[in-house]
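Chemist: Just dropping this structure here.
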Amino acid sequence: MQSSNRLSVLGFLVHAAFFIVVGGQIALVFILEPAWDIPWLEWLGYGLWAASAILGWLPIIIFRKRGRVADGQSYVKTTRLVTDGLYAVVRHPQYLALILVGLAGVCFTPHWATIAGASVILIATYASMLSEDKNLLEKFGEEYREYMLRVPRANILWGLVKLIFSPRRPVK
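Mind the numbering: the sequence shown is residues 427 to 598 in this note's numbering, read in order.
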């Protein structure tokens with residue numbers, strides 16, 4: 427039991443540190459002066475920021491609607507694997523949203539500090555996606571393994587290509 431408590435405390439601390447880095451990245455955008463003046467980069471930042479908002483919030487609606495979440499439970503407490511809609515394009519849209527927030531920060535304020543922050547966000551988010559895949563394999567088994575073969579982890583462009591050009595499967 428003691429080991430389990432240590433793991434949950436460690437998990438909490440890791441998540442807290444991660445969100446401090448994400449918050450710091452957002453704060454740096456407003457604090458720092460850009461090291462380089464590249465006008466189109468700011469517009470790219472707005473696009474990434476908008477995409478991150480969509481990818482961050484849409485899963486809440488999708489999971490509540492299609493994931494068979496019990497009343498009063500968190501939207502992530504699904505009892506059904508959701509593989510359609512946005513989840514037919516990318517397996518981890520909310521993690522991808524965090525990566526896009528980091529990249530948007532670099533676009534808004536190109537500076538060594540925002541690049542460092544985005545690097546930490548990218549590495550930590552990728553590690554979280556690997557862990558999440560492992561957890562979902564345990565939860566959903568072979569169904570999730572097959573889903574992993576069809577849908578990329580976070581590459582939304584490749585996911586769109588695969589979705590558009592793959593043969594259609596009947597919806598369950």
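For glycine and all other residues, C-beta sits at the position ideal for the given N, C-alpha and C.
1) Which whole-angstrom value is the C-beta distance of V546 and V447, which I expect to be below 8 Å?
2) Measuring only the C-alpha atoms, how far is P519 from S500?
3) Assign G473 to one of three DSSP states: helix, strand, or coil.
4) Tell me which residue opens and which closes the alpha helix (DSSP H) that W584 is part of.
5) Go through its chain and collect everything with a Cβ distance to Y570's Cβ below 7 Å, but skip five positions before and after it.
6) Does the contact criterion of 3 or more C-beta pairs under 8 Å hold for the segment 483-493 versus the segment 534-552?
Modeler: Reading it off the structure:
1) Sequence index remark: in the sequence shown, residue 546 carries index 120 (1-based). Sequence index remark: in the sequence shown, residue 447 carries index 21 (1-based). With a Cβ gap of about 5 Å, V546 and V447 count as contacting.
2) Translated into the one-based positions of the sequence shown, residue 519 becomes position 93. Translated into the one-based positions of the sequence shown, residue 500 becomes position 74. Distance between the alpha carbons of P519 and S500 is about 17 Å.
3) Here residue 473 refers to the residue found at position 47 of the sequence shown. Looking at G473 - three-state DSSP - the assignment turns out to be helix.
4) Within the sequence shown, numbered from 1, the residue matching residue 584 stands at position 158. Where W584 is concerned, the enclosing alpha helix (DSSP H) stretches over 582-591.
5) Along the sequence shown, one-based indexing puts residue 570 at 144. L507, L562, L563.
6) no
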